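Q: Residue numbers (this note's numbering): 4 to 175. Just so you know, even glycine gets a beta-carbon here, dropped at the ideal spot from N, CA and C. Since we're looking at a predicted model, the values are computed, not measured.
#1: Residue 109 lies in the beta strand (DSSP E); which residues open and close that run?
#2: Using the beta-carbon count (16 or more within 10 Å), is residue 90 buried or exposed?
#3: Tell me whether residue 68 is buried or exposed, calling it buried when 16 or more other Cβ atoms sit within 10 Å of its Cβ.
#4: Measure from the alpha carbon of residue 60 to the alpha carbon of each residue in 71, 37 and 88, then state which is nearest.
#5: Find out if the Cβ-Cβ distance for the pair residue 238, residue 139 is shorter than 8 Å.
#6: Contact check, residue 118 vs residue 18 under 8 Å by CB: the rounded distance?
#7: Could you tell me the distance, in whole angstroms, from the CA atom of residue 15 to the CA atom of residue 106?
#8: In whole angstroms, what is the alpha-carbon distance linking residue 125 and residue 53?
#9: So the candidates are 7, 75 and 137; which of them puts its Cα closest to the Cα of residue 99?
#10: Looking only at its chain, what residues have a beta carbon closer than 6 Å to the beta carbon of residue 73, apart from the 5 residues adjacent to it on each side?
#11: What residues in its chain sit with their C-beta under 8 Å from that of residue 134, if we drop five residues either side in the sequence?
#12: Straight-line CA distance for residue 112 to residue 174?
#13: By alpha-carbon positions, which one of 86, 101 and 84 ends up nearest to residue 78?
#14: Regarding residue 58 and the ligand GTP, is the C-beta to nearest heavy atom distance less than 7 Å?
#15: Considering only residues of the same chain and omitting the five flanking positions on each side of residue 130, which have a CB-CB separation below 6 Å?
#16: Could you give the C-beta distance for residue 171 and residue 96, rounded to a whole number, given that I count them as a contact under 8 Å?
#17: Just to confirm the assignment, what range does the beta strand (DSSP E) spanning residue 50 have?
What follows is the structure, given as structure tokens:
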């Protein structure tokens, strides 16, 4: 697991995350990235989101305190493990648009409800970005363990804008 230090920083209203990953196995779920505010003991993501690739495809989970995570499927698609995957994921809080590109193909686009409210909370309270794991202690499970990725991860990039479809196709 790789993560930022516990210093506050601002999340742009529009951003794109791009990365390469090679999940080795899926144990029900394999978390990759979380963004938000972590508690003082580094045990729980208090607010934010987690993005993961599971055996059924990409999923975005909205985290708010100890409430159940609201999972949004980002295109149901099955893919194999033990191969490198190139992905870009974008969020536009101004209009709620989320997109997922993988290996040069647009897999999903959706509009989130309440994206402005989520952005207001993250705008001043964001303290962590994790790659390869997520710190979540709710739903009576050890999500820090079960959301951790077994595999490899590289070329993580964050852009403070929404990349064009062409740019995301080219990167992935």
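A: With the structure as the only source:
#1: Within the chain shown, numbered from 1, the residue matching residue 109 stands at position 106. It spans 108 to 114 - the beta strand (DSSP E) in which residue 109 sits, taken as one unbroken run.
#2: On the chain shown, residue 90 is found 87 positions in, with the first residue counted as 1. Its Cβ being crowded by 16 or more others within 10 Å, residue 90 is buried.
#3: The sequence position of residue 68 within the chain shown is 65, counting from 1. It is exposed - the Cβ of residue 68 has fewer than 16 other Cβ atoms within 10 Å.
#4: Looking up residue 60 in the chain shown gives position 57. Minimum Cα distance to residue 60 is reached at 88.
#5: The displayed coordinates of the chain run from 4 to 175. Any statement about residue 238 would go beyond what the structure contains.
#6: Here residue 118 corresponds to residue number 115 of the chain shown, with the count starting at 1. Here residue 18 corresponds to residue number 15 of the chain shown, with the count starting at 1. In this structure residue 118 does not touch residue 18 by the C-beta definition: roughly 12 Å separates them, more than the 8 Å allowed.
#7: Along the chain shown, one-based indexing puts residue 15 at 12. Along the chain shown, one-based indexing puts residue 106 at 103. Going from the Cα of residue 15 to the Cα of residue 106 covers about 25 Å.
#8: Within the chain shown, residue 125 is the residue found at index 122, counting from 1. Within the chain shown, residue 53 is the residue found at index 50, counting from 1. Put simply, the backbone Cα of residue 125 is about 13 Å away from that of residue 53.
#9: Residue 99 sits at position 96 when you count from the first residue of the chain shown. Ranking 7, 75 and 137 by Cα distance to residue 99 puts 75 first.
#10: The residue labelled residue 73 in the question sits at position 70 within the chain shown. Exclusion of the five residues before and after residue 73 leaves 65 as the residues of its chain whose Cβ lies within less than 6 Å of its Cβ.
#11: For this step, residue 134 is matched to residue 131 along the chain shown. Result list for residue 134: 4, 5, 6, 22, 35, 36, 156 and 159, in chain order.
#12: By one-based count along the chain shown, residue 112 stands at place 109. By one-based count along the chain shown, residue 174 stands at place 171. In a straight line, the C-alpha of residue 112 is about 18 Å away from that of residue 174.
#13: Position 75 of the chain shown, counted from the first residue, corresponds to residue 78. Among 86, 101 and 84, the Cα nearest to that of residue 78 belongs to 101.
#14: Absence of the ligand GTP from the depicted structure is noted, as is the absence of any ligand whatsoever, leaving it without description.
#15: Taking the chain shown and counting its residues from 1, one reaches residue 130 at position 127. Excluding residues within five positions, the ones whose Cβ falls inside 6 Å are 9, 11, 40 and 41.
#16: Translated into positions along the chain shown, residue 171 becomes position 168. Translated into positions along the chain shown, residue 96 becomes position 93. With 8 Å as the limit, residue 171 and residue 96 do not qualify as a contact, their Cβ atoms being about 18 Å apart.
#17: Start at 1 with the first residue of the chain shown, and residue 50 comes out as number 47. Here the beta strand (DSSP E) through residue 50 covers 48 to 57.
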